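Here the structure comes first, spelled out in structure tokens, and everything after it is commentary.
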Amino acid sequence: MLKPSEKASRVIDGINTFVRDELDPLGQREGITWGQPVARPLLRDIWKRSCELGFYNALLPENLGGAGLSIAELCAVKEAAVLTGSPLAPHILGELSGPPRIGHLFRVASDFQVDAFLKPVCRADKAVCFALTEAEAGSDATAIRTEARREGDHYVLNGAKRYISGATYADIAVLLAVTEPGRGPQGISAFFVDLTADGVQVDSDYSVMSGGGAHGNILLENVRVPVENRIGDEGAGFKLAMGRITLNRLLHCPTMLGMAGLALNLSMDHARTRKQFGQPIALFQSISHMLADMATELHAARSMMFATALSNDAGGDIKVEASMCKLYASETAFRIADRAVQIHGGSGLVAGHPVEWLFRATRMMRILTGTSEIQRNTIAKGILMPG
Ligand SMILES: Cc1cc2nc3c(=O)[nH]c(=O)nc-3n(C[C@H](O)[C@H](O)[C@H](O)COP(=O)(O)OP(=O)(O)OC[C@H]3O[C@@H](n4cnc5c(N)ncnc54)[C@H](O)[C@@H]3O)c2cc1C
Numbered sequence: 002m003l004k005p006s007e008k009a010s011r012v013i014d015g016i017n018t019f020v021r022d023e024l025d026p027l028g029q030r031e032g033i034t035w036g037q038p039v040a041r042p043l044l045r046d047i048w049k050r051s052c053e054l055g056f057y058n059a060l061l062p063e064n065l066g067g068a069g070l071s072i073a074e075l076c077a078v079k080e081a082a083v084l085t086g087s088p089l090a091p092h093i094l095g096e097l098s099g100p101p102r103i104g105h106l107f108r109v110a111s112d113f114q115v116d117a118f119l120k121p122v123c124r125a126d127k128a129v130c131f132a133l134t135e136a137e138a139g140s141d142a143t144a145i146r147t148e149a150r151r152e153g154d155h156y157v158l159n160g161a162k163r164y165i166s167g168a169t170y171a172d173i174a175v176l177l178a179v180t181e182p183g184r185g186p187q188g189i190s191a192f193f194v195d196l197t198a199d200g201v202q203v204d205s206d207y208s209v210m211s212g213g214g215a216h217g218n219i220l221l222e223n224v225r226v227p228v229e230n231r232i233g234d235e236g237a238g239f240k241l242a243m244g245r246i247t248l249n250r251l252l253h254c255p256t257m258l259g260m261a262g263l264a265l266n267l268s269m270d271h272a273r274t275r276k277q278f279g280q281p282i283a284l285f286q287s288i289s290h291m292l293a294d295m296a297t298e299l300h301a302a303r304s305m306m307f308a309t310a311l312s313n314d315a316g317g318d319i320k321v322e323a324s325m326c327k328l329y330a331s332e333t334a335f336r337i338a339d340r341a342v343q344i345h346g347g348s349g350l351v352a353g354h355p356v357e358w359l360f361r362a363t364r365m366m367r368i369l370t371g372t373s374e375i376q377r378n379t380i381a382k383g384i385l386m387p388g
């Protein structure tokens, strides 16, 4: 198994200590369970504390206050955070609210935007979400209809975003809207939108499979957004949003494989301790072979992820490989979680059990951030029409 670098190991050790000494006791005190919404003030406290300890910004480059990790190191740290087994794990690195969502925008943001939006996000004073998807624009993201019409020194935004992660507790959205209809991707611009502004409504009247509270819709009715909130040039928003799509596909893998690793660890513990017919169920070949298959598939998926990350760090082009990793990691994580439920028997079916939640959460990963079919499209195009 690839050993994390010294730098990554230091961050991982710190995260493990944070979870053991602070987040686990907090979770027990507050009754936090898998898939249940966490109250916003409590989340804010966790983000702030993680920020103080240096984890909230850890995924950023050093010049932005981060740990300056390579992509392979980022994968190791992200995977380790999930493997802590804390339901609060995504909040340690600010993945649903903070710096990982906006780090790449420092390159293009104006001084005003850095002070008004990016720095407050890095200090955990403000939470941010990313809003692209609409009812008629999912996989085909260029089909968005939310309109931003210029009126003097403002844009007036009208439209509706849906399925936006973190919208329910975000203060601002990086939101994509059409500034020049009929121009396809070149007619789309990106904006910082204050979610408390007049005309903005965030609703969350549904729960997704992994649980409620974290996802929502953003409705915009004649929302006046100052021109100074536009990110980059007019018409450059889609390119900006898609600029990191390859890397983002790869960087979702450690989360999925962390979940798969957690499912495997829980299954091994259960198989060793649960006795039936007078012996631990691990001694039944059908159970031990399931564990062997889970471990083998996890090793294959992790090897792919780290090989691709190292190739990227060495300057390689990973467009096709990143999609292969996203496809394989998400499908593998779900198969592993499914077997984990099987090994746990009835206890794995009880709502709130970690493997029951992992089964639901890994199922979502085959759809989120580019479905398996869209990954296959990218892979097929890359191998059939290289260059
Ligand atoms: C919990 C959750 C969180 C999300 N978070 C965010 C977020 O923070 N920000 C954001 O902007 N969006 C977010 N999304 C949206 C997410 O990215 C989309 O749901 C996803 O891209 C799929 O789009 P869709 O749901 O419209 O499905 P569709 O695009 O309608 O796809 C339906 C089916 O058709 C297939 N399909 C579509 N096009 C093709 C094609 N060309 N070739 C082959 N098959 C195809 C798909 O693979 C899928 O099987 C989130 C969604 C969920 C459920």
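If you read the sequence shown in the working numbering, its first letter stands for residue 2, the second for the next number, and so on. We put the CB at the ideal spot given by N, CA and C, even for glycine. For clarity, every value in this text was computed on a predicted model and none was experimentally measured.
Alpha carbon to alpha carbon, how far is A178 from S190? 6 Å
Residues of its chain near T147, where Cβ-Cβ distance is below 6 Å and the 5 sequence neighbours each way are ignored: G160, A178
Is the CB-CB distance between A90 and V12 below 7 Å? no
Could you give the DSSP three-state label for I13: helix, strand or coil? helix
Could you tell me how far apart the beta carbons of S331 and S373 are, in whole angstroms, since I believe they sit closer than 8 Å? 7 Å
Return yes when the C-beta of G139 is under 6 Å from any heavy atom of ligand 1, and no when it is not. yes
My output table needs one value for R231: the three-state DSSP class, helix, strand or coil. strand
If you draw a straight line from the C-alpha of G188 to the C-alpha of L299, how long is it? 42 Å
Test item: CB-CB of G217 and P38 under 7 Å: no
Through-space distance from E229 to G139, alpha-carbon basis: 28 Å
Is there contact between the region 354-373 and the region 290-298, where contact requires at least three CB pairs shorter than 8 Å? no
Does DSSP put N58 in a helix, a strand or coil? coil
Taking 8 Å as the cut-off, does the region 117-125 touch the region 48-57 (at least 3 CB pairs, one atom from each stretch)? yes
Suppose you measure from the CA of L61 to the CA of I16; what does that come to, to the nearest Å? 16 Å
Can you say whether T197 is buried or exposed, counting buried as having 16 or more other CB atoms within 10 angstroms of its CB? exposed
For I173, the residue or residues it bridges with in DSSP: V129, D195
Taking only heavy atoms of ligand 1 into account, decide whether any of them is closer than 6 Å to the Cβ of L263. no
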